[in-house]
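> Residue numbers are given in numbering that gives the first Met the number 0: position 62 of the sequence shown equals residue 61, and the series is strictly consecutive.
Backbone N, C-alpha and C fix where the C-beta goes; we use that ideal spot for every residue, glycine too.
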Amino acid sequence: MPADDKKRKRIVEDDDVSEEEEVEEKVKIEVVKKETKKKKESPKATKKEEEESSSAAAAAAASSSVEDIYKWWQESDEQIQEILSSDQKWNTLKHNGVLFPPDYEPHGIPVYYDGKPVKLTPEQEEVATMYASMLESDYVKKQQFNDNFWSAWKELLGKNHTIKSLGKCDFSKIWEHLLTEKEKKNGRSSEEKKAEKEEKAKFEDAYKYALVDGRKEKVQQYKIEPPALFRGRGTHPKMGQLKKRIQPEDITINIGRLEDCPPPPVGHKWGAVVSNNTVLWLAAYKDVINNKNKYVQFASGSSLKAMNDYLKYQTARNLKDCIEKIREDYKKQWTDSSETERQLGVAIYFIDKLALRVGNEKDDEEEADTVGCCSLRVEHITLTPPSSIKFDFLGKDSIRYENTVEVEKAVYKCVKGFIEGKKPADMLFNKINPTKLNEHLKSYMEKLSAKVFRTYNASITLDRELKKLEKDITTDMSVAERVSIYNSANRQVAILCNHQRAAPKTFDSSVETMDKKIESQASYLERLKKALKDISKSGYDEVKEKWEKDNQKITKNYEKEVEEFEQKQKDIEMKAKNAGKSVAAFLGSAKKEKAPKKPSLPVLPKTTEAIESKIEAVKKKIEEMNHEKKMKIDNKTVALSTSRLNYCDPRITVAWCKRTNVPIQKLFSKTLQDKFPWALDCGTDFTF
0 MPADDKKRKR
10 IVEDDDVSEE
20 EEVEEKVKIE
30 VVKKETKKKK
40 ESPKATKKEE
50 EESSSAAAAA
60 AASSSVEDIY
70 KWWQESDEQI
80 QEILSSDQKW
90 NTLKHNGVLF
100 PPDYEPHGIP
110 VYYDGKPVKL
120 TPEQEEVATM
130 YASMLESDYV
140 KKQQFNDNFW
150 SAWKELLGKN
160 HTIKSLGKCD
170 FSKIWEHLLT
180 EKEKKNGRSS
190 EEKKAEKEEK
200 AKFEDAYKYA
210 LVDGRKEKVQ
220 QYKIEPPALF
230 RGRGTHPKMG
240 QLKKRIQPED
250 ITINIGRLED
260 CPPPPVGHKW
270 GAVVSNNTVL
280 WLAAYKDVIN
290 NKNKYVQFAS
300 GSSLKAMNDY
310 LKYQTARNLK
320 DCIEKIREDY
330 KKQWTDSSET
340 ERQLGVAIYF
350 IDKLALRVGN
360 EKDDEEEADT
370 VGCCSLRVEH
380 ITLTPPSSIK
390 FDFLGKDSIR
400 YENTVEVEKA
410 VYKCVKGFIE
420 GKKPADMLFN
430 KINPTKLNEH
440 LKSYMEKLSA
450 KVFRTYNASI
460 TLDRELKKLE
470 KDITTDMSVA
480 ERVSIYNSAN
490 RQVAILCNHQ
500 RAAPKTFDSS
510 VETMDKKIES
520 QASYLERLKK
530 ALKDISKSGY
540 DEVKEKWEKD
550 NQKITKNYEK
560 EVEEFEQKQK
570 DIEMKAKNAG
580 KSVAAFLGSA
590 KKEKAPKKPS
600 LPVLPKTTEA
610 IESKIEAVKK
620 KIEEMNHEKK
630 MKIDNKTVAL
640 STSRLNYCDP
650 RITVAWCKRT
660 NVPIQKLFSK
670 TLQDKFPWAL
680 DCGTDFTF
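#1: Quick one: what's got a C-beta closer than 8 angstroms to Ser564's C-beta in the same chain, skipping five residues either side?
#2: So the candidates are Val377, Ile398 and Lys450; which of them puts its Cα closest to the Cα of Ile418?
#3: Taking the continuous beta strand (DSSP E) assigned at Phe687, which residues delimit it?
#4: Return the chain-ordered list of same chain residues with a C-beta closer than 8 angstroms to the C-beta of Ile288, the five sequence neighbours on each side being excluded.
#5: So the candidates are Lys172, Leu155, Leu644 and Asn145; which of them puts its Cα closest to the Cα of Lys580?
#6: What are the boundary residues of the alpha helix (DSSP H) that Asp471 is part of?
#7: What whole-angstrom Cβ distance do Val414 and Ile388 have, given they're in contact under 8 angstroms?
#8: Report all residues from its chain with a CB closer than 6 angstroms to the CB of Phe428; omit the five preceding and five following residues, and keep chain order.
#9: What residue range is occupied by the uninterrupted beta strand (DSSP E) comprising Trp280?
#10: Let me check understanding here. Comparing Cα to Cα, which of Lys628, Ile663 and Phe585 lies closest to Thr179?
#11: Rounded to the nearest angstrom, how far is the Cβ of Trp89 from that of Val126, given a contact under 8 angstroms?
#12: Is it the case that the Cβ atoms of Lys543 and Leu603 are separated by a distance below 7 angstroms?
#13: Taking the beta carbon of Ala578 as the centre, do at least 16 other beta carbons fall within 10 Å, making it buried, or is it exposed?
#14: Would you say the region 245-264 touches the region 114-129, given that touching needs at least three Cβ pairs under 8 angstroms?
#15: Could you have a look at Asn645 and say whether DSSP puts it in helix, strand or coil?
#16: Since Gln296 sits in a beta bridge, which residues does DSSP pair it with?
#17: So the candidates are Pro598, Ser535 and Trp546; which of them puts its Cα closest to the Cα of Lys559?
#18: Does the distance from the CB of Phe452 to the CB of Ile350 come in under 7 angstroms?
#19: In the DSSP assignment, find the beta strand (DSSP E) that holds Phe564 and state where it starts and stops.
#20: So, are the CB atoms of Leu639 and Thr652 less than 7 angstroms apart?
#21: Return the bridge partner residues of Phe390 from the DSSP annotation.
#22: With DSSP as the reference, label Lys242 as helix, strand or coil.
#23: Helix, strand or coil for Ala688? Go by DSSP, reduced to three states.
#24: What residues in its chain sit with their C-beta under 8 angstroms from that of Tyr130, if we drop five residues either side in the sequence?
#25: Does DSSP classify Met624 as helix, strand or coil?
#26: Roughly how many angstroms lie between the CA atoms of Gly344 and Met426, to the nearest whole one?
#27: Applying the criterion that 16 or more other CB atoms from any shown protein chain within 10 Å of the CB defines a buried residue, is Ala200 buried or exposed?
#28: Which two residues bound the contiguous alpha helix (DSSP H) that contains Lys435?
#29: Check whether the region 452-470 and the region 308-316 touch, using three or more Cβ-Cβ pairs below 8 angstroms as the test.
#30: Tell me whether the region 518-526 and the region 489-508 touch, counting them as touching only if at least three CB pairs, one residue from each stretch, are closer than 8 angstroms.
#31: What runs of the alpha helix (DSSP H), each 4 residues or longer, lie entirely inside the region 296-352?
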């Protein structure tokens, strides 16, 4: 090999490119010998023209002919397992690399320090703008966030900079600029927005797919994250730290040995190019915040990813064959003379009955203080005789788990013994850890782990709840009513798994909109009833004439509302102009009032029979709308979609939809349908 080639070639150490649970140290990563030759560029060509040319070439490669959909789920479980267990994941791999965020464009608006404007360099301004964009968020009220931001920004400012303290900084002018730009963007016509969306999709299409052994597979996370201030969840100790811009030199590209490597952006080179067919990632780079590798991988619906999903649910289904034996054994462990055995028995009981996560060990200085079963501390539980235990701790994603449960008396006695003589910060299960617990579970079934219990219990709960509620479904039920029944079952799973969410910011306005629609239908119903009654006295024509006059009143009221709205907007614009601000900056966090919506004028049916029929239809609609509103309120902080995405066997939902004539798109978004193509083929008789 020529010396120059050796210099150009950069081999990434195993630690840098290894993927969790996939790459072993013995795997040798081969560096692709072939480098894409640099084309001679026209001196007049702009950077944008060069990038567009590169994208066009990539798009042409992506449009190569490919095989039909690979229906791998028609293979046996043994064959699927054999494919997944093979060290070699692919023979040929071709893709177009990654998509970088656009370069930062300086706006030139200063930060004010102690009341005076301070001009910043583009690098300093970019980070200041990140902070300014969050002025209305809760993050800037958190000391940890501000301390970490200041440390990062101070480093960019340098030692002798005018700005010495974050407390004296005023970012409001930048914030006002961002609001104005947002207002301009939102003010574009629908045609402009559509054209931009289509252009963006056309540009990105080249990166969305890869060719694996000649098959077209979808890629996810092909967009490199833009620089930003790290937020984290809950009270993450690193919130506010700067996520720096990822450069091509930070990235390792993984591609087939015989394929042309996708070209990096003009003026850059890849950190390394490898051909490692034992892994499923296409590109890798270091997450500087968490000091872990990030990967551009195949989408969840791609064949190899979906196979793993399928086997995950098959493993959970198989748990039903030994679940009773496990339950018998952990009950025996509660009275064992060994404290280790007693702790194992109680921990598995909690995981089984409460669907607790196992609780992996972590670095407290690197991550938020979240716990699971094995990492519970004495302070997280409260005992109330004779057999009640209250749990109160932060679970995954800093979601609070607060639950009071009645437990078996033997369990209560064990837990009381575990905490005896311990301090609040001491571990409840000090004799065991996740590894020991999972090793114990594997003695019952290969590949059994605490995580499988969560999948099993979520799936079995959904299956049982749906079958229990299915008897309530009648032939005259609407699709909306049937979906509501499904959501009731889904809700039980979400509660079991503690799948919570913050109430949506638009929740109150959404409920208000629903109320207005219900009121509108109720008003229509009353008008129909009155019309039906009046027809018997004065005839249809006279009632029709009065109906039209009432509609004219509705139109006049609407026109008056529009007039008042427009005058109000003119007043706001004038005040904003006098203040030297844009309307968006003047309003600040106050929402811009929406224009009155033009009412749809109610129609009077042509016959008394049609009016009677319409009355019944409107009654039913009001009932459905009230039910929908109730479900929305009940599920205000319950995340129904999480269990559908990660824990419930999708075949349960598909089979139920087929049995009850509910279109699958009512319950599975396009994303879920793409993720679970194998489940869509299941029959109506599927039982978990």
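Once the coordinates are examined:
#1: The residue given as residue 564 occupies position 565 in the sequence shown. The sequence as given places Phe at residue 564; Ser does not occur at that position. Contacts found: Glu592, Ala594 and Pro595.
#2: Taking the first residue of the sequence shown as 1, we reach residue 418 at position 419. Closest by alpha carbon: Val377.
#3: To locate residue 687, count along the sequence shown from 1; it is residue 688. Note, Phe687: premise wrong, no beta strand (DSSP E); not H, not E.
#4: Looking up residue 288 in the sequence shown gives position 289. So the qualifying residues of the chain are Phe229, Lys237, Gln240 and Lys242.
#5: The residue given as residue 580 occupies position 581 in the sequence shown. Lys580 has its Cα closest to that of Lys172, out of Lys172, Leu155, Leu644 and Asn145.
#6: The sequence position of residue 471 within the sequence shown is 472, counting from 1. Per DSSP, Asp471 belongs to no alpha helix (DSSP H) and is neither H nor E.
#7: By 1-based counting over the sequence shown, the position of residue 414 is 415. By 1-based counting over the sequence shown, the position of residue 388 is 389. Rounded, the Cβ-Cβ distance is 6 angstroms, consistent with contact.
#8: Within the sequence shown, residue 428 is the residue found at index 429, counting from 1. The answer, listed in chain order, is Gln342, Ala346 and Cys373.
#9: Residue numbering aside, residue 280 sits at position 281 when the sequence shown is read from its first letter. Note, Trp280: beta strand (DSSP E), Trp280 to Asp286.
#10: Locating residue 179 in the sequence shown gives position 180, counting from the first residue. Cα-wise, what sits closest to Thr179 is Phe585.
#11: Working through the sequence shown from its first residue, we reach residue 89 at position 90. Working through the sequence shown from its first residue, we reach residue 126 at position 127. Contact flag wrong, Cβ pair sits at about 40 angstroms.
#12: Working through the sequence shown from its first residue, we reach residue 543 at position 544. Working through the sequence shown from its first residue, we reach residue 603 at position 604. Yes, the pair counts as a contact, with Cβ atoms nearer than the cut-off.
#13: As a first step, residue 578 is located in the sequence shown; it is residue number 579 there, counting from the start. Label assigned to Ala578: exposed.
#14: no
#15: The sequence position of residue 645 within the sequence shown is 646, counting from 1. Helix, per DSSP.
#16: Along the sequence shown, read from residue 1 onward, the residue named residue 296 stands at position 297. Per DSSP, Gln219 and Trp280.
#17: Start at 1 with the first residue of the sequence shown, and residue 559 comes out as number 560. Of the listed residues, the one whose Cα sits closest to Lys559 is Pro598.
#18: Taking the sequence shown and counting its residues from 1, the one referred to as residue 452 is at position 453. Taking the sequence shown and counting its residues from 1, the one referred to as residue 350 is at position 351. Yes, the pair counts as a contact, with Cβ atoms nearer than the cut-off.
#19: Within the sequence shown, residue 564 is the residue found at index 565, counting from 1. Careful: Phe564 lies outside any beta strand (DSSP E), inside the alpha helix (DSSP H) at Tyr539 to Asn577.
#20: Residue numbering aside, residue 639 sits at position 640 when the sequence shown is read from its first letter. Residue numbering aside, residue 652 sits at position 653 when the sequence shown is read from its first letter. No.
#21: One-based indexing of the sequence shown puts residue 390 at position 391. Its beta-bridge partners are Ile380 and Asn402.
#22: Here residue 242 refers to the residue found at position 243 of the sequence shown. If DSSP states are grouped into helix, strand and coil, Lys242 belongs with the strands.
#23: The structure shown has nothing for residue 688, since the chain only spans 0 to 687.
#24: Residue numbering aside, residue 130 sits at position 131 when the sequence shown is read from its first letter. Counting only Cβ-Cβ distances below 8 angstroms, and skipping sequence neighbours, we find Val139, Phe148, Trp152, Phe170 and Leu228.
#25: As a working mapping, residue 624 is identified with position 625 in the sequence shown. Here Met624 sits in helix by DSSP.
#26: Mapped onto the sequence shown, residue 344 falls at position 345. Mapped onto the sequence shown, residue 426 falls at position 427. Between Gly344 and Met426, the C-alpha separation is close to 16 angstroms.
#27: Mapped onto the sequence shown, residue 200 falls at position 201. Its Cβ having fewer than 16 others within 10 Å, Ala200 is exposed.
#28: Here residue 435 is taken as the residue at index 436 of the sequence shown, counted from 1. Looking at the DSSP string, the run of the alpha helix (DSSP H) that includes Lys435 is Pro433 to Lys441.
#29: yes
#30: no
#31: 302-317 and 322-332
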